[in-house]
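Protein chains in written order, with the numbering used here: chain A, 1 to 132; chain B, 1001 to 1132; chain C, 2001 to 2132; chain D, 3001 to 3132; chain E, 4001 to 4132; chain F, 5001 to 5132.
First the structure, in the form of structure tokens, and then the observations on it.
6 protein chains.
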Amino acid sequence: MSVDESRFARGLDIRREVLGDAHVERSLAQATDFTRVVQEYVTATCWGDVWSRPGLDRRTRSLLNLAMLTALNRPHEFSVHVRGALRNGCTQQDIQEVLLQTAAYCGAPAALEAFRLAQQVIEQLRQESLTT
Amino acid sequence: MSVDESRFARGLDIRREVLGDAHVERSLAQATDFTRVVQEYVTATCWGDVWSRPGLDRRTRSLLNLAMLTALNRPHEFSVHVRGALRNGCTQQDIQEVLLQTAAYCGAPAALEAFRLAQQVIEQLRQESLTT
Amino acid sequence: MSVDESRFARGLDIRREVLGDAHVERSLAQATDFTRVVQEYVTATCWGDVWSRPGLDRRTRSLLNLAMLTALNRPHEFSVHVRGALRNGCTQQDIQEVLLQTAAYCGAPAALEAFRLAQQVIEQLRQESLTT
Amino acid sequence: MSVDESRFARGLDIRREVLGDAHVERSLAQATDFTRVVQEYVTATCWGDVWSRPGLDRRTRSLLNLAMLTALNRPHEFSVHVRGALRNGCTQQDIQEVLLQTAAYCGAPAALEAFRLAQQVIEQLRQESLTT
Amino acid sequence: MSVDESRFARGLDIRREVLGDAHVERSLAQATDFTRVVQEYVTATCWGDVWSRPGLDRRTRSLLNLAMLTALNRPHEFSVHVRGALRNGCTQQDIQEVLLQTAAYCGAPAALEAFRLAQQVIEQLRQESLTT
Amino acid sequence: MSVDESRFARGLDIRREVLGDAHVERSLAQATDFTRVVQEYVTATCWGDVWSRPGLDRRTRSLLNLAMLTALNRPHEFSVHVRGALRNGCTQQDIQEVLLQTAAYCGAPAALEAFRLAQQVIEQLRQESLTT
């Protein structure tokens, strides 16, 4: 893909800041010839084109992503963005409020799944903080 | 959440009757400060506001849930409600008919997934009945 | 499509009984060389393969369809099946209960849309009964 | 539905503040015996249970709803909530940012539809402000 | 958005070739300060990043879009891409085959809607060819 | 289900050719009294009614399925059809192009999931080819 370098570089910086160096290093290291194209595309568009914009603060963008990923039913990316939200300064209470709002608009099964996944991430982070 | 007590209590009773005491005890015991709010909300709304209504019998409500959860693509809740449906007096044939109908309206991949999950629940119940 | 004749014929009979002769005549008359294939496919599969099965009564099949079509967000077919449900002996209260249950499981926006569409069909049927 | 009075009353107040008296009066006036149950349920749950919570400000709740309604593909409710968002103090730029973020996560067709609908609401509000 | 010029220009050329100059002129002329950002984003990403790639021919890309837009339930964009598909050299029979395949995988309601919309576009094109 | 024998037989042949004898043998062997009905229905409709049609080549049908299954969010069937696509003569690059196109139209989370699953299938096939 003819992703121009500056867009990709800008996106990669923001992605590192939001999701953490460790996560991004792992994603890049795991990329294969087959998957590299989507890593580049997502870094350039989601992070380079959208998250780079100053119009909304990162905390709000994180909360929006949690709401959308619940509605879209994408558990893997949802968990990644729970981590990102907490790194971006969202509190557990912020996340709780967003997910409860999904219960009313996306239905109870969507919200129950989102709470279950977010709880797992919170547990993992607690474990990780104990071991470091 | 300012869930009034009577709604929650009424919902909890019905939820126990439909999903079984063991399942509900487990859900309540596993609830954390983070997830408790959604447990309360779902008990009060799905069970206290909707399932408590006399307009449809529980067997029909279970079948409707299986159809909706297949369409909504929510495997965890789907499996919970297969158990509930069998407890509510739905036969395996009732469930089979509902799931085959999803093949026509939600598409083959949705129905194949639903049959696979329902089959697993049926197996588990058979195992459980052998060990008790 | 090599739809065998008996399946199609059986499906067409049931479709007429559920949706009404007038609706089915109109669908068939409007079919073009381009759309005929899907009319035949749907008649043979949904009606000939699924609705023809004795395992569930038609009233329950109609209620399941209303729940699925709400979850799937398909307003045109939803309205067709509200009509079908009333022809199949579902009461307005049955439909009301199903749609309220969608509010809890599919979310409020899905249910609000479903109630709006069902109300329109009920109005139309009232008008039609006045003019005949 | 046994919606307790205080929840409904609290929800109705917030719904009026967010969506405007005119909109809410119209909804209530148009409610029929058939649709009243969902009006009451939505007022009590979405507005009385969720929007009443102090954990997130209304501006953020509006932005979350726009993101979810785009993902869920519910144009009618989306337009209602664009109006609500502007009443809640969201700027056009806030809305623009949310909808552009949906392009990356929900896909281009979802975002194009959301921009089209939001533009129509903005036009309508401009017309209304000229005629009053 | 910091869409680099070459990506946008490349995307705009392809978009014109696929959807026609008239359609693209209209989209650009109708763009407002509010909607311009999504027009630029979509032109740069969908058309500049993806459609510009040589790995699949345009006819196949059109058929893929029709299948995805049916699954995603996006009628407006679906109709735009039916036109694009016919311009790209897809035959009516190609489109018919794709849409029948959606009946099996996305369910009958999705396919019925897609056939209805595609039929309307075919009618419009017939009318347009008569008047020019 | 009154699936006529010739449709089922024709479907079974094509399903074997596309998905491989081993996969189909396993599916049939695992079928229970509960799940057999959906195996028969899917073989007769998806394979017997749709894939049997000469209007599109199998390679294109496979690519369409990958796009639809990504949009529909059905990981199990998606993985089955990645295998089928490679058997049908689709190259890894073809699949890569389809999945990148889903990023633009279905959103980044859908495409990231699809790439992850397809990569796993590619790995498994590599392992299998080493051990045989």
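Cβ coordinates follow ideal geometry from the N, Cα and C atoms, glycine included.
Chain F contact for residue i (CB, 8 Å cutoff)
i	result
E/M4001	Bear in mind that the predicted position of E/M4001 carries a pLDDT of just 44, short of 50, making it unreliable; the figure below should be weighed with that in mind. It does not: the Cβ of E/M4001 has no partner Cβ on chain F nearer than 8 Å.
C/T2032	no
A/E25	no
B/N1088	no
E/R4083	no
Beta-carbon neighbours of residue i, restricted to chain B and to distances below 8 Å
i	result
D/Y3105	Residues of chain B passing the Cβ test: none, with the nearest at roughly 17 Å.
Separation of residue j from residue i, as counted between CA atoms
i	j	result
D/E3077	B/L1130	50 Å
E/R4087	F/E5040	39 Å
F/V5133	F/R5126	Outside the shown range of chain F, which is 5001 to 5132, sits residue 5133 of chain F, and nothing can be said about it.
B/Q1124	B/H1081	14 Å
D/S3079	C/A2044	39 Å
E/L4069	D/P3109	8 Å
D/L3112	D/C3106	11 Å
F/I5095	D/L3028	52 Å
E/R4036	E/G4055	29 Å
E/T4060	E/D4021	21 Å
F/A5031	D/N3073	36 Å
E/Q4101	A/A114	33 Å
B/Q1093	B/A1104	17 Å
F/Q5120	D/D3033	54 Å
A/A118	A/P75	10 Å
A/D57	A/G89	11 Å
B/V1038	A/R116	10 Å
A/V50	B/R1026	42 Å
A/T91	E/E4005	39 Å
Cross-chain neighbours of residue i in chain D, by beta carbon under 8 Å
i	result
C/P2054	Simply none; closest approach about 32 Å.
Residues that residue i contacts on chain A, provided the C-beta gap is smaller than 7 Å
i	result
D/A3067	L64, A67 and M68
F/L5100	V37, V38 and Y41
F/A5111	V38
E/P4045	One detail in the question is off: residue 4045 of chain E reads as Thr in this sequence, not Pro. Near E/T4045 (Cβ distances below 7 Å), the residues of chain A are T45.
Cβ shell of residue i (< 7 Å), same chain only, five flanking positions each side left out
i	result
F/V5098	L5063, L5066 and A5067
A/G84	V18, L19 and S62
Any C-beta of chain D under 8 Å from that of residue i
i	result
B/D1057	no
E/L4072	yes
8 Å Cβ shell around residue i - same chain, five flanking residues per side excluded
i	result
B/S1052	R1010, G1011 and I1014
F/F5008	E5040, T5043, A5044 and G5048
C/R2016	V2024
Closer than 9 Å at the beta carbon, the chain D residues around residue i
i	result
F/A5108	A3104, Y3105 and G3107
Min CB distance residue i to chain E below 8 Å
i	result
A/D13	no
D/F3115	yes
F/E5097	yes
Closer than 8 Å to chain A by CB, residue i
i	result
F/Q5124	no
D/V3050	yes
Contact list for residue i against chain F, beta-carbon separation under 9 Å
i	result
E/V4121	Simply none; closest approach about 18 Å.
Contacts that residue i makes with chain E (C-beta to C-beta distance below 7 Å)
i	result
F/Q5093	G4055
Under 7 Å from the C-beta of residue i: neighbouring residues of chain C
i	result
D/E3077	P2109 and L2112
Where residue i meets chain A, residues with beta-carbon distance less than 8 Å
i	result
D/R3007	Correct list: empty, because the minimum Cβ distance to chain A is about 13 Å.
Cβ-based neighbour list, residue i, same chain, cut-off 6 Å, excluding 5 preceding and 5 following
i	result
C/C2046	none
E/I4122	none
C/A2071	C2106
B/E1128	none
Within chain C, the residues that residue i reaches when beta carbons sit closer than 8 Å
i	result
B/T1060	T2060 and L2063
Taking the runs of the alpha helix (DSSP H) that are 4 residues or longer, which of them lie wholly in the segment 3014 to 3093 of chain D?
3021 to 3030, 3036 to 3042, 3058 to 3072 and 3075 to 3087
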